[in-house]
Amino acid sequence: MNYALLDMEQAFQIFYPYRHTRKITIFGSARTKPSHPDYQLAELFAQQITQLGLWS
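Numbering (my numbering), first residue to last: -6 to 49.
This is the structure in structure tokens:
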């Protein structure tokens, strides 16, 4: 639990300067291979959301 809270605190500090900028977080697994359909779908989603201008 302490490690999770420390990670959250670090994230808050890192993103504080960007607090007025919309952000998207995509959660996944570091073990998912780039050839896996789930990985490809997440990558496609990230590309499309950026193209739509919803990133900034």
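For every residue, glycine included, the Cβ atom is placed at its ideal position computed from N, Cα and C. This one's a predicted model, so the numbers in the text were calculated from it and none came from an experiment.
Item: Of the residues I17, Y32 and T18, the one placed nearest R24, counting alpha carbons only; Value: Y32
Item: 7 Å Cβ shell around A35 - same chain, five flanking residues per side excluded; Value: I19 and G21
Item: F20: first and last residue of the uninterrupted alpha helix (DSSP H) it sits in; Value: Per DSSP, F20 belongs to no alpha helix (DSSP H) and is neither H nor E.
Item: First through last residue of the alpha helix (DSSP H) which encompasses Y9; Value: Neither: Y9 is in no alpha helix (DSSP H) and is coded neither H nor E.
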